[in-house]
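Peer 1:
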Amino acid sequence: MLSNAGAQLQVLFGSPVFLACVSSWLCAQFIKTIIKLFSGNVHSLAELFELLFWRTGSMPSSHSSITACLCTTIGYRSGVDSDVFILSLVFFLVTIRDAVGVRRANGMQARRLNEIGEILRSQGFYKEFNRLKEVNGHSPMEAFVGSLLGFFIGIAFCVL
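Letter 91 of the sequence shown, counting from 1, is numbered 90 in numbering that gives the first Met the number 0, and no numbers are missing.
#1: Among the candidates Leu47, Ala27, Cys26, whose CA atom is the shortest distance from the CA of leucine 36?
#2: Could you tell me how far apart the beta carbons of serine 64 and alanine 27 are, in whole angstroms, since I believe they sit closer than 8 Å?
#3: For alanine 67, report the span of its alpha helix (DSSP H) as first-last.
#4: On a Cα-Cα basis, can you pick out the residue from Ser77, Asn129, Asn105, Met107 that is closest to glycine 116?
#5: Taking the C-alpha atoms as reference points, what is the distance between isoleucine 154 and leucine 131?
#6: Whether or not the stretch 92 to 102 and the stretch 117 to 125 are in contact is what I'm after, with contact meaning three or more pairs of Cβ atoms, one per stretch, closer than 8 Å; do they touch?
#7: From the DSSP output, in three-state form, read off tryptophan 53 for me.
#8: Would you call the stretch 143 to 157 in contact with the stretch 56 to 75, where contact means no fewer than 3 C-beta pairs closer than 8 Å?
#9: Three Cβ pairs or more, each shorter than 8 Å: is that satisfied between the stretch 65 to 80 and the stretch 2 to 21?
#10: Here's a check: name, in chain order, each residue in its chain whose Cβ is nearer than 6 Å to the Cβ of valine 160, leaving out the five neighbours to either side.
#11: Tell me which same chain residues have a C-beta within less than 8 Å of the C-beta of cysteine 157, skipping the five on either side of it?
#12: Taking the C-alpha atoms as reference points, what is the distance between phenylalanine 151 and leucine 159?
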């Protein structure tokens with residue numbers, strides 16, 4: 000059983016679809032990190048690593064990039080008439096909608112609620128106020144650029 004699991008992991012990590020998607024995510028995070036570095040928004044090594052491997056939001060969207068890459072590589076390898084391509088396309092569209100719509104709106108609401116909470120705290124209504132996490136969604140342009148990045152990386156992995 001263990002050798003079978005090892006063989007399956009080898010197939011997974013050697014899959015062109017998997018490698019393309021991981022490359023797409025790493026590329027998007029690297030570009031995002033470079034942009035933040037040049038704009039002076041990184042102040043420590045810990046913040047640099049958090050941005051490179053974990054933080055969401057800003058340009059380009061790594062969620063859009065990875066799902067566009069997934070959709071592209073599956074479409075190229077399985078055909079656009081396959082069920083798995085349709086599934087990946089729906090997943091891509093839901094991810095984009097979530098990044099641009101729901102997560103962005105939640106972040107804007109949390110930001111405003113934090114402002115109201117701080118005002119109420121300063122006026123003596125609270126002794127302390129626990130801020131809400133402000134989730135960073137994406138602008139349509141960030142999602143679009145991430146999608147283009149994922150598309151081109153997917154094409155590169157399929158053609159080269």
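We treat Cβ as the ideally placed atom computed from N, Cα and C, and that holds for glycine.
This one's a predicted model, so the numbers in the text were calculated from it and none came from an experiment.
Peer 2: According to the data block:
#1: In the sequence shown, the residue the question calls residue 36 occupies position 37. Nearest option by C-alpha distance: Leu47.
#2: Along the sequence shown, read from residue 1 onward, the residue named residue 64 stands at position 65. Along the sequence shown, read from residue 1 onward, the residue named residue 27 stands at position 28. So it is a contact: roughly 4 Å between Cβ atoms.
#3: Walking along the sequence shown from the start, residue 67 turns up at place 68. Its alpha helix (DSSP H) spans residues 61 to 77.
#4: Walking along the sequence shown from the start, residue 116 turns up at place 117. Minimum Cα distance to glycine 116 is reached at Asn129.
#5: Taking the first residue of the sequence shown as position 1, residue 154 is located at position 155. Taking the first residue of the sequence shown as position 1, residue 131 is located at position 132. Computed Cα separation, rounded: 40 Å.
#6: no
#7: Here the question's residue 53 lines up with position 54 in the sequence shown. Of the three classes helix, strand and coil, the one that applies to tryptophan 53 here is coil, per DSSP.
#8: Yes, since at least three Cβ pairs between the stretch 143 to 157 and the stretch 56 to 75 fall closer than 8 Å, the two stretches touch.
#9: yes
#10: Within the shown structure, residues of the chain are numbered from 0 to 159, placing residue 160 beyond reach of any answer.
#11: Position 158 of the sequence shown, counting from 1, holds the residue named residue 157. Pro15, Ala19, Thr71, Thr72, Tyr75, Arg76.
#12: Here residue 151 corresponds to residue number 152 of the sequence shown, with the count starting at 1. Here residue 159 corresponds to residue number 160 of the sequence shown, with the count starting at 1. Spanning the two alpha carbons is a distance of roughly 12 Å.
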